[in-house]
Every structure is written in C-alpha cells, then in structure tokens.
Amino acid sequence: MLEVTGLHVAYGGIQAVRSITFHVNEGETVALIGANGAGKTTTLKAISRVVNAVGGDVHFCGEKIIGVAPHEIIRKGIALVPEGRGVFPRLSVLENLRMGAFVRDDKAGIAADIDRMYAYFPRLKERADQLAGTLSGGEQQMLAIGRALMSRPKMLLLDEPSMGLAPIMVQKIFEVIRNVAAAGMTILLIEQNAKLALESSQRAYVMESGEITLNGESAALLHDPKVKAAYLGE
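Per UniProt numbering, the very first residue in the sequence shown carries number 1; after that it's consecutive.
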C-alpha cells in the first residue's frame, strides 16, 4: 500500500532523514522505533506532506504522492495523528470530530461515524460539548485519533500516541488502536515505548540518525540483542 523509496529530508543543512526505504502492506501495522531525533516524526510529516522531501519517492496505492498538496493527501486516504495531538482547543469535541470529516459531504455517513467514534471512546461522548483545550492529555489523544478516523482513511499514521499519558490511559488508547487494526485499518506507528510498539505491530523498522538500520518481524525484534540493549532496557 505504501512504498517509500530513498526518502531524504533536510532542514537547512541538517539531514533529518537519509535516503530511507521501507514499505507498509495493506492491513498490517508497522512500527518505526528509535531514539528521539532519529527522524521518525520527520518521516511521517514527509509522507503526509507537512514537510517537503528533498529526494526520493513515496507511492500510496500505486500512485506517486510526492508533491501532492497536504489536503489532497487526506483525500487520497492518509490521515496523520500528530505528535502532541494537535486538537483545535477552542472548538468542542463534536466540532473537532466534524473537522476530521471536512473532505466528506455524506451527512448521514458522518453522523454514523461520529457515533462510531463515541463507541470507541465513550468519554468523548460525555464531553461532546466541552472545548477540546480543556480535556486531559489522554482525552485529547482519543479525540485526535477519532478526528483522523472521521476522514475514513485507508491508512493511519500515528505519531507517539502514548506520549505523556498515564499507564491506564495508554492501555485504553492502544486497546482502541488494536481494535481499529483488527477491523482492517493499515497503520504506520511511531512510539517511544519500543516494547509497546513491537507488541502492537507485525513488522518494524529501527531508525538511527535518519537511517533505517534494522528491520524485521516485530516478534523477532523483541528478542534481538541490539534492540533489547538499546530500546528495551535489557
């Protein structure tokens, strides 16, 4: 579904991503793990066109999307849940969800999907009229995921969904992520908690200093000595 080939991203003279190549198959969850500053977030931003790549190609469902406008990326079926959630703080929970469906005009379908998000995240239904900026971090993460799903994407890009959350909230968030994946959603996941990322994915890539240095099945990487030493605290 997603083919990234020789992707290169630079900020000024700093090479953030160095000619990386990887793929994500339809229906699978793939994790990108690595230390802070490894280039993981930049990779997602380049795929979703939040930042511009200076080299390489990205193909989605067989179509080249390098150079495509960010709002058209959403129309093509890629939704990004950004690091830090990025909810609209002065809009209500319900208004944020509706904003996620801005590329759609099927009112009945949108209403049905709002109910579906409330089923995924009952707490959002309780706070439907509350301003998003007044929600807890965990509730904002729920809202950010729900808002992304409202576009009915073919692929979900998740950037650090557990960041700054209490363990019980992380458990709830990843329970929903696994449920969404089980329903057939294709997911590319960045997660600082490498163990959690590997347990929640089928395959994974390890990034270091803007390069992919290791990849394989997640179950195997959980037992890889280098991964255990560098990212699992063993």
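Using N, Cα and C, we set each Cβ at its ideal position, and we do this for glycine too.
Source: prediction; values computed, not measured.
### Message
Three Cβ pairs or more, each shorter than 8 Å: is that satisfied between the segment 76 to 93 and the segment 150 to 167?
### Response
Counting Cβ pairs under 8 Å, three or more are found: they touch.
### Query
I think Glu211 touches Ile20, with their Cβ atoms under 8 Å apart; what is that distance to the nearest whole Å?
Along the sequence shown, read from residue 1 onward, the residue named residue 211 stands at position 211. Along the sequence shown, read from residue 1 onward, the residue named residue 20 stands at position 20. Going by Cβ atoms, the distance from Glu211 to Ile20 rounds to 6 Å, so yes, they are a contact pair.
### Query
Is it a yes or a no for the segment 110 to 129 touching the segment 52 to 68, going by three-plus beta-carbon pairs under 8 Å?
Result no; under three Cβ-Cβ pairs closer than 8 Å.
### Boundaries of the beta strand (DSSP E) in which Asn215 is found, first to last residue
Here residue 215 refers to the residue found at position 215 when the sequence shown is read from its first residue. Segment Glu211 to Glu217, the beta strand (DSSP E) holding Asn215.
### Query
If we ignore side chains and look at the alpha-carbon of each, how far apart do Arg18 and Thr186 end up?
Indexing the sequence shown from 1 puts residue 18 at position 18. Indexing the sequence shown from 1 puts residue 186 at position 186. Here the alpha carbon of Arg18 sits roughly 25 Å from the alpha carbon of Thr186.
### Euclidean distance between Cα positions of Gly12 and Gly164
Residue numbering aside, residue 12 sits at position 12 when the sequence shown is read from its first letter. Residue numbering aside, residue 164 sits at position 164 when the sequence shown is read from its first letter. Computed Cα separation, rounded: 30 Å.
### Query
Going by beta carbon distance, what residues of the same chain come within less than 8 Å of Asp129, once the five residues before and after it are set aside?
Locating residue 129 in the sequence shown gives position 129, counting from the first residue. For Asp129, where only same-chain residues beyond five positions count, the Cβ hits under 8 Å are Ser92, Val93 and Leu94.
### Query
Thinking just about the alpha-carbon of each residue, which of Glu3, Val176 and Ser201 is nearest to the one in Phe60?
Here residue 60 refers to the residue found at position 60 of the sequence shown. Here the closest residue by C-alpha is Glu3.
### Task
Return the CA-CA distance between Leu135 and Glu160, expressed in angstroms with no decimal places.
On the sequence shown, residue 135 is found 135 positions in, with the first residue counted as 1. On the sequence shown, residue 160 is found 160 positions in, with the first residue counted as 1. Looking at the two C-alpha atoms, the distance is approximately 18 Å.
#### Entry: Glu208 in three-state terms, based on DSSP
Reading the sequence shown from its first residue, position 208 is the one you call residue 208. The answer is strand: DSSP assigns Glu208 an E or B state.
### Message
Beta-carbon within less than 6 Å of Thr43's beta-carbon, same chain only, minus the 5 sequence neighbours each way: which residues are those?
### Response
Residue 43 sits at position 43 when you count from the first residue of the sequence shown. In chain order, Val17 place their CB closer than 6 Å to the CB of Thr43, counting only its own chain and leaving out the 5 sequence neighbours on each side.
### Task
Report yes if the CB atom of Met150 is closer than 7 Å to the CB atom of Gly39, and no otherwise.
Position 150 of the sequence shown holds residue 150. Position 39 of the sequence shown holds residue 39. No, the Cβ-Cβ distance between Met150 and Gly39 is not below 7 Å.
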